[in-house]
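Each residue of the sequence shown is one higher than the last, beginning at 19 in our numbering. Each residue gets a CB set at the ideal place from its N, CA and C atoms; glycine is no exception. Being a predicted model, the structure only gives us computed values, none of them experimental.
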Amino acid sequence: MNHLCYLTPGPSELYTTVPDHLRGALRENICSISHRSKKFKEVFAFTVVQLRQLMGIPEDYHVLFTSSATEVWERCLQNGVIHHSYHFVNGAFSKKFYEFAVQLGKKASINQMPEGQGFLLEEINIAPDCEMICVTQNETSTGVAFPVEDIYALRKQYPNALLVVDAVSSVPFLEIDYTQIDSLFFSVQKGFGLPAGLGVWIVNERMLEKAVHMQKNGLSIGTLRSLPLMVKMATDYQTPETPNVLNIYLLGKVAEDMLRRGVQTIRQETLLKAALAYQALEDSPELSPFVESLRHRSQTVIVGSLKRVTAAEYISRMREFGLEPGSGYGSFKNTQLRIANFPTHSKEQFYQLSDLIRTYSMV
Ligand SMILES: *Cc1c(COP(=O)(O)O)cnc(C)c1O
C-alpha cells in the first residue's frame with residue numbers, strides 16, 4: 019500500500035509534483051546559491067509572475083516573502099496600525115491575530131462569534147477611528163468561511179480603514195477582487211502543498227504609504243522586515259534576510275503546474291469534493307457537519323462533529339484505508355474531524371473518503 023494520504027489542514031499532503039521539483043532543485047543546486055545572486059533574482063521573479071497569474075494579483079500590489087503567516091499578523095499590525103485595529107474572531111487563528119494586536123499595545127476591538135458561526139453584517143459597527151480591519155477568510159480551526167461578498171460590503175461601508183485578509187487555508191481556491199482589499203497573506207503548507215516555512219504577503223501602495231508615514235513620524239514599524247524595506251528589496255527581486263530559497267523555488271514551480279492544470283478546473287474540483295464531503299457528513303452514522311450555516315461553510319477545510327466515538331478512534335480506523343484526516347483544533351481535539359480539501363487531494367480520494375464516512379459505523 020502507498021503511504022498515508024494526509025487530509026490534515028496543514029501541513030498537508032504535498033502537491034503531487036513536489037518530489038520532482040525537489041529533485042530539480044538539487045540538480046540546479048538551489049540550496050547553495052547566494053540570495054544576492056542573479057540566479058536567485060530569477061527564481062524570485064519567476065515565482066512572483068506565476069503567483070500573479072494564478073491568483074489574479076494586480077501589478078500594483080507587491081508580493082513579498084516572510085517566514086510564515088503568523089509573522090504577517092505582526093507585520094500588518096506594526097506597519098499599518100498606530101492606535102486602533104478591529105478583529106473578526108471566531109476561532110483560534112483569528113483569535114491569535116487579535117492577541118498580537120493587544121501584545122503590541124494597540125487598542126484592539128474584537129467582534130467575537132461562537133466557534134462554528136459566521137458573522138452577520140447587519141450587526142457590525144466599526145468605530146470611525148479604526149485604522150485596520152482584520153478578516154480571517156477561512157478560519158482553519160473551525161471550518162468557517164467569511165464570504166467575499168461580505169468583505170466587499172465591509173470595504174464599501176468602511177473605505178478609510180485598511181482591510182487585510184488572512185487567506186492561509188483558502189488559497190489558491192479563493193477568488194477575490196484585490197482592488198477591494200489592501201492586503202492578503204498565506205503560508206505555503208496548506209493549499210499549495212509545500213513544506214512549511216514560507217509566507218507570502220500581498221500588499222498595496224496604500225498600506226505601504228501608511229508604513230512610510232508611521233516611520234517618518236518616528237514610530238516603530240519593526241526591524242528586519244519593515245514593509246518599506248521589504249518592498250525596496252523586492253523591487254530588485256531580493257529579501258532583507260537570507261530567505262527560504264528552496265521554498266520560494268518550489269512555490270514558483272507548483273504555481274506553474276497549477277496554472278497548467280487551470281485555476282478554474284482546480285476551483286470546480288474543490289467545489290465538487292467539498293459537496294461530496296459535506297453530503298457524506300450529513301449521511302454519516304458517526305458524524306455531522308459542524309458549521310450549520312451553508313453560507314459560512316468552508317469549501318477547503320471541512321469540519322465534522324463526532325457523535326459517539328473519539329477523533330483518535332475514528333482517525334485510526336480511517337488510517338487502515340490509507341487516509342489521515344485531521345483531528346479537531348484545541349478544545350475540539352477529541353470531538354471533531356477536520357478534512358482538508360486542497361488542490362493536491364484528488365476526486366478519487368474524496369470519493370473513497372466520502373464512501374467511508376457515509377457507510378462507516380463504529381458499533
Ligand atoms: C495555519 C494558519 C496560520 C498560521 O500559519 P503558520 O504557517 O503557522 O504561520 C494563520 N492563519 C490561518 C487561518 C491558518 O490556517
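- Q354 in three-state terms, based on DSSP: strand
- Let me know the secondary structure DSSP gives V249 once reduced to three states. helix
- Assuming E149 and N108 form a contact by the criterion Cβ under 8 Å, report the distance between their Cβ atoms to the nearest whole angstrom. Between N108 and E149 the Cβ distance is about 22 Å, and since that is not below 8 Å, they are no contact.
- Query: Should S30 be listed as close to ligand 1, given that the test is whether its C-beta is under 7 Å from any heavy atom?
  - Reply: no
- Burial state of Q175, where buried means 16 or more other Cβ atoms lie within 10 Å: exposed
- Under the three-state reduction of DSSP, which class applies to D184: helix, strand or coil? strand
- Message: According to DSSP, simplified to helix, strand and coil, what is F118?
- Response: helix
- Query: Would the beta-carbon of Q207 fall within 8 Å of that of G348?
  - Reply: no
- Item | Beta-carbon gap between I48 and G161 smaller than 8 Å | no
- Proximity test, E208 beta-carbon vs ligand 1 heavy atom, cut-off 7 Å: According to the sequence provided, residue 208 is Lys. The question's Glu does not apply to it. Under cutoff, so the answer is yes.
- Message: ligand 1 and T26: does any heavy atom of the ligand fall closer than 7 Å to the residue's C-beta?
- Response: no
- Message: Report the CB separation of K59 from Q256 in whole angstroms; it is logged as a contact under 8 Å.
- Response: 7 Å
- Message: Looking at V61: is its Cβ nearer than 8 Å to the Cβ of I220?
- Response: no
- Query: Would you say the beta carbon of T34 comes nearer than 7 Å to a heavy atom of ligand 1?
  - Reply: no
- Query: Residue ranges of each beta strand (DSSP E) run of no fewer than 3 residues wholly in the region 260–326, ordered along the chain?
  - Reply: 305–307, 319–324
- Message: Quick check on F164: does DSSP put it in helix, strand or coil?
- Response: coil
- Is the beta carbon of A292 sitting closer than 8 Å to the one on Q317? yes
- Query: Who are the near neighbours of V381 in its chain, counting only those whose CB is closer than 7 Å to its CB and skipping five residues on each side?
  - Reply: none
- Closest Cα partner of Q286 within the set P361, S244, Y104: P361
- Simplified DSSP state of H39, which is helix, strand or coil: helix
- Task: Taking only heavy atoms of ligand 3 into account, decide whether any of them is closer than 7 Å to the Cβ of V186.
- Result: Looking at this structure, you won't find ligand 3 anywhere; what it does contain is ligand 1.
- Taking only the alpha-carbon atoms, compute the straight-line gap between R54 and Q282 and give it to the nearest angstrom. 36 Å
- Query: Do A163 and R315 come within 8 Å of each other at the CB atom, strictly closer than that value?
  - Reply: yes
- Task: Out of V249, A358, T26, Y332, point me to the one whose CA is closest to Y378's CA.
- Result: Y332
- How about G236: is its Cβ closer than 7 Å to a heavy atom in ligand 1? no
- Item | Supposed close pair I100, M276 - CB separation, criterion 8 Å | No, I100 and M276 are not in contact; Cβ-Cβ is about 38 Å, not under 8 Å.
- With M225 and L180 assumed to form a contact (beta carbons below 8 Å), what rounded beta-carbon distance in angstroms separates them? 6 Å
- Message: Quick check: what's the CA-CA separation for A126 versus Y170?
- Response: 22 Å
- Item | Residues that N156 bridges to, as DSSP identifies them | A163
- Task: Could you give the DSSP three-state label for Y196: helix, strand or coil?
- Result: helix
- Task: With a threshold of 7 Å, establish whether the CB of G134 neighbours any heavy atom of ligand 1.
- Result: no
- Run through DSSP, which three-state label would I128 get? strand
- Item | Inter-residue CB distance, N359 and T328 (contact presumed, cutoff 8 Å) | Not quite, the Cβ-Cβ distance comes to about 23 Å (not below 8 Å), so this is no contact.
- Query: How would you call K234, buried or exposed, if buried means at least 16 neighbouring beta carbons within 10 angstroms?
  - Reply: exposed
- Item | Separation of S372 from Y24, as counted between CA atoms | 15 Å
- Y332 - containing alpha helix (DSSP H), residue span: 329–337
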